[in-house]
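Chemist: Quick note, the sequences are listed as chains A and B, same order. The working numbering applies: residue 1 is where the first sequence begins, and numbers increase by one. The working numbering applies: residue 1001 is where the second sequence begins, and numbers increase by one.
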Amino acid sequence: MDWILLAELSTNGVFVGLMYALVSLGIVLIYKTSGTANLAQGAIAMTGGYVTWALATLVGLPIWLAIPVALVTMFGFGLLMERIALRRMIGQPVIMTIMLTLGVEIMLRGVLPGVFGAAVKRLDIGMPQQPLFVGELLLNRSTMIGGSISLLLILLSLFFFNSRFGVVMRAVADDQTASWSVGIRVERAIAVAWGLAAVSATAAGVLWGSTQGVDWSLSLLLIKALAIAILGGLDSIPGVLIAGVIVGVAESLATGVLDPLVGGGSRDVVAAVIILVTLLLKPHGLFGRHHIERV
Amino acid sequence: MFYRRAGIRHTRYQDERQLFPLGFDRGLIIAVLAILLAAPFLFDRLYVSGYLLPWLIWTSAALGLNLLMGWSGQIHLGYGAVMGIGAYGSVHLVRLGVPLEIAMIAGGLLSATIGTMFGGAALRMKGIYLAMATLAMQYVVDFVISHSSVISGGSLATLQVPPVSFLGIPLQGEVPTYYLALGVCFVITLFMLNVRRTSFGRALAALREKDYAAQILGISTFRYKLLAFWVSSFIGGVVGSVLAVTYLRAISPDQFHIELSIQILAMIIVGGLGSVLGPFFGTALILFAPILLNNLLGFTAGTFGLSLPIDLRAHLPLMAYGALVIGFLLYEPLGLAKIYANFRNYLLVWPFRHAQR
């Protein structure tokens, strides 16, 4: 195996992984504050992509305006989803909440392609598509830019957790009852977490949509996002960054090294294998907190 | 009104412990069974093989998943993969010349073995983590099936089911296949009706409510979680082989994708977690609501001259599943079975609604 190919695959993998990590950021945000797993995150990313495309193409906004408008709309969508659906599920078993988010996933996956048409939509945000040569390495410029933007956004969310509202959210994540009793509005913190998750998913949807086009397959990002979230430990944002890089590189290497051996398609199974191995060896992930349960 | 309890006086313990103490319930079930038994001679063959047969098969599968999710509270998002293992296992055995009766059981055992291996993850984790593990199982099994030509059968990836016979009756035409599906569904339903009266069923219920507490009560969570996965996967495997033999007739990997898992999940959520009647209702709704909606839309489009985009009609089933799952979870978490139970409870004391039940 020549090292140039390996280096190329891993470098591209790092950036792709960072773009995956942006999707999983939302899962972690929601799990951190409310303790529910959001299986609709991939579909929300798809929704974000569709909304941006609709604003840019159907409404005719210039792309630099369409993206912020889409982000704001999707923030509202996240708030609405929490208010309409998730808040009623407080006190229900975990099974029910997971199923509800899965129901949202299924429905979004039906509604958006149904309304806007199932064909792949082109979303041009002005990223150069031609590859970049660094020495002998052939790098994908659009994923590089996308990965860098993702990295920036994830770091930004880390800083956000040091702001006043971020401290509130960390308190809610730590102990809902205790933070409620000192006057923190727990519902609002959870709602904002859902809004922010929708925003990060939208950013991911736009970035992915501009590289591979907007269609229902964007919702398949869910399985990679879940792999990252599980590997990083479901409630750790630095974990998302590191696990994102690991998953991206593993997937890229699998595509380059394993595909010729098994005949293609190993890209899809890497995330699943990572989930299984993580859960069997270290169920709380690399950086997750251990939950102690009492009867 | 119908469900009169008045005048029923039990004088023997056996009478009190029977499955259906009310005469009307017994009559209703016998009537439904009689209609199902006579269905091939009563209805058009299109309805029997196009509606009743899939209803029975999918209901059997939903009952198997309901044992795991409704009774023992373990999440499984990869039930389609379990069925796929059973289907491929038994079809390969049948192609090797093994009789179908043995191949079905062997397919079930294969599913049970592999399903328990993945379900063994349940011993270390639960809730969302278990959901992720089983979701990963779905993807891994899909990958293995579709990428090993030994299993999926070469580049065309469609495996023909050879002509088979069950207990000496060749399974050709819709009548014998329908009776096979009906028989399997009947056996599974009988098992599910009785399992909650055994120590196994009660242990599963304790496990569902709080596994630590069950452990303290002396129920081995290790044993019963594995058993729950084993039994449910066994049922899934057998149903998978029935599905392959009676309905699909030629299996390909994409028939057992995540979509199948989601469909069966939606069936038990809509029907009612932890009930035997629920999967029957839920399957009917999930299978037929998209068809009905599509026909309705086509009809309105035809009468009022509207032209609906083809994409909208193609994605209608997904929208219907999603909306049904969300709606039932929000407004009736116990599903259609609970709605039926409410109706029955109302009629039990009608017209004295203040009466004690």
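Idealized CB from N, CA, C, for every residue including glycine.
Assuming contact is defined by CB atoms lying nearer than 7 Å, are phenylalanine 1360 (chain B) and leucine 1180 (chain B) in contact in what I supplied?
Modeler: Since the displayed chain B opens at 1001 and closes at 1357, residue 1360 (chain B) lies outside it and no answer follows.
Chemist: Could you give the uninterrupted runs of the alpha helix (DSSP H) lying entirely in the stretch 1012-1077 of chain B, keeping only those of 4 residues or more?
Modeler: For secondary structure counted as the alpha helix (DSSP H) over 4 or more consecutive residues, the stretch 1012-1077 of chain B holds these complete runs in sequence order: 1013-1016, 1023-1042, 1053-1066.
Chemist: Are the stretch 1062-1078 of chain B and the stretch 1116-1136 of chain B in contact at 8 Å, needing three or more beta carbon pairs?
Modeler: Counting Cβ pairs under 8 Å, three or more are found: they touch.
Chemist: Please say whether methionine 19 (chain A) and glycine 205 (chain A) have beta carbons closer to each other than 7 Å?
Modeler: no
Chemist: Just how far apart, CA to CA, sit leucine 1226 (chain B) and glycine 1073 (chain B)?
Modeler: 13 Å
Chemist: Is it buried or exposed, glutamate 105 (chain A), if we count other Cβ atoms within 10 angstroms and call 16 or more buried?
Modeler: buried
Chemist: Under the rule that 16 or more other beta-carbon atoms within 10 Å means buried, what is glycine 13 (chain A), buried or exposed?
Modeler: buried
Chemist: Keeping to the same chain, check which residues put their C-beta closer than 6 Å to that of isoleucine 271 (chain A); ignore five residues upstream and five downstream.
Modeler: Per the sequence shown, residue 271 (chain A) should be read as alanine rather than isoleucine. Ile223, Lys224, Ala227.
Chemist: What does DSSP give as the partner residue(s) for lysine 121 (chain A) in the beta ladder?
Modeler: A:Val214
Chemist: Is the CB of isoleucine 308 (chain A) under 7 Å away from at least one CB in chain B?
Modeler: Chain A is shown from 1 up to 295; residue 308 (chain A) falls before or after that span and cannot be answered.
Chemist: By the three-class DSSP mapping on this structure, what secondary structure does leucine 132 (chain A) have?
Modeler: strand
Chemist: So, for arginine 1202 (chain B): in the same chain, excluding its five sequence neighbours on each side, which residues have a beta-carbon less than 8 Å away from its beta-carbon?
Modeler: Correct list, in chain order: Arg1196.
Chemist: Quick test of your reading: threonine 278 (chain A) and leucine 231 (chain A), contact by CB under 8 Å. State the CB separation rounded to the nearest angstrom.
Modeler: Approximately 5 Å separates the beta-carbon atoms of threonine 278 (chain A) and leucine 231 (chain A); this is inside 8 Å, confirming the contact.
Chemist: Could one say the Cβ of methionine 1117 (chain B) lies closer than 7 Å to chain A's Cβ atoms, at least one of them?
Modeler: no
Chemist: Which residues in chain B have a C-beta closer than 7 Å to the C-beta of alanine 85 (chain A)? List them in chain order.
Modeler: Ile1326, Leu1330
Chemist: On a CA-only basis, which of A:Leu6, A:Leu55, A:Ala197, A:Ala43 is nearest aspartate 124 (chain A)? Give me that one, please.
Modeler: A:Leu55
Chemist: Can you look up glutamine 1160 (chain B) in the DSSP assignment and give me helix, strand or coil?
Modeler: strand
Chemist: For proline 128 (chain A), count neighbouring Cβ atoms within 10 angstroms of its own Cβ and tell me buried if that reaches 16, exposed if not.
Modeler: That one is exposed.
Chemist: Assess, as a yes-or-no matter, whether the stretch 1047-1067 of chain B is touched by the stretch 1091-1108 of chain B under the definition of 3 or more beta carbon pairs within less than 8 Å.
Modeler: no
Chemist: So isoleucine 228 (chain A) contacts chain B; which residues on that side make the cut at Cβ distance below 9 Å?
Modeler: By Cβ distance, chain B contributes nothing, its closest Cβ being about 12 Å from isoleucine 228 (chain A), past 9 Å.
Chemist: Determine the burial state of glutamate 82 (chain A): buried for a count of at least 16 other Cβ atoms within 10 Å of its Cβ, exposed for fewer.
Modeler: Burial call: buried.
Chemist: Apply the 10 Å Cβ neighbour rule to glutamine 1018 (chain B) and answer buried if 16 or more other Cβ atoms are within range, or exposed otherwise.
Modeler: exposed
Chemist: Under a Cβ-count criterion, where at least 16 other Cβ atoms within 10 Å of its own Cβ denotes burial, should asparagine 1345 (chain B) be classed as buried or exposed?
Modeler: exposed
Chemist: When the Cα atoms are used, what is the spatial distance from isoleucine 1008 (chain B) to leucine 1022 (chain B)?
Modeler: 8 Å
Chemist: How many Å lie between alanine 21 (chain A) and threonine 1158 (chain B) at the Cα?
Modeler: 37 Å
Chemist: Opposite alanine 1250 (chain B) in the DSSP bridges: which residues?
Modeler: DSSP, once it has assigned bridges, lists B:Gln1160 as partnering alanine 1250 (chain B).
Chemist: Tell me, please, which residues DSSP counts as bridged to isoleucine 1262 (chain B).
Modeler: Paired residues: none, contrary to the question.
Chemist: Have a look at the DSSP bridge pairing and note the partners of phenylalanine 1166 (chain B).
Modeler: B:Ile1169
Chemist: The alpha helix (DSSP H) that contains leucine 138 (chain A), what's its start and end?
Modeler: Where leucine 138 (chain A) is concerned, there is no enclosing alpha helix (DSSP H), although the beta strand (DSSP E) it sits in stretches over 137-139.
Chemist: Would you list, in chain order, the members of the stretch 268-290 of chain A that have their beta-carbon closer than 7 Å to a beta-carbon of chain B?
Modeler: Only Asp268, Val269, Ala272, Val273, Ile275, Leu276, Leu279, Leu280, Pro283 from the stretch 268-290 of chain A bring a Cβ to less than 7 Å from some Cβ of chain B.
Chemist: Reducing DSSP to helix, strand and coil, say where histidine 1092 (chain B) ends up.
Modeler: helix
Chemist: Do phenylalanine 287 (chain A) and serine 236 (chain A) have their C-beta atoms closer together than 7 Å?
Modeler: yes
Chemist: Does DSSP put aspartate 235 (chain A) in a helix, in a strand, or in coil?
Modeler: coil
Chemist: What residues in the stretch 107-131 of chain A bring their beta carbon closer than 9 Å to a beta carbon of chain B?
Modeler: Met107, Leu108, Arg109, Gly110, Val111, Leu112, Pro113, Gly114, Val115, Phe116, Gly117, Ala118, Ala119
Chemist: Please identify the residue among B:Ile1264, B:Leu1028, B:Gly1050 whose C-alpha is closest to the C-alpha of leucine 1248 (chain B).
Modeler: B:Gly1050
Chemist: For the alpha helix (DSSP H) that contains glutamine 1255 (chain B), what are its first and last residues?
Modeler: Looking at the DSSP string, glutamine 1255 (chain B) is not in any alpha helix (DSSP H), and its letter there is neither H nor E.
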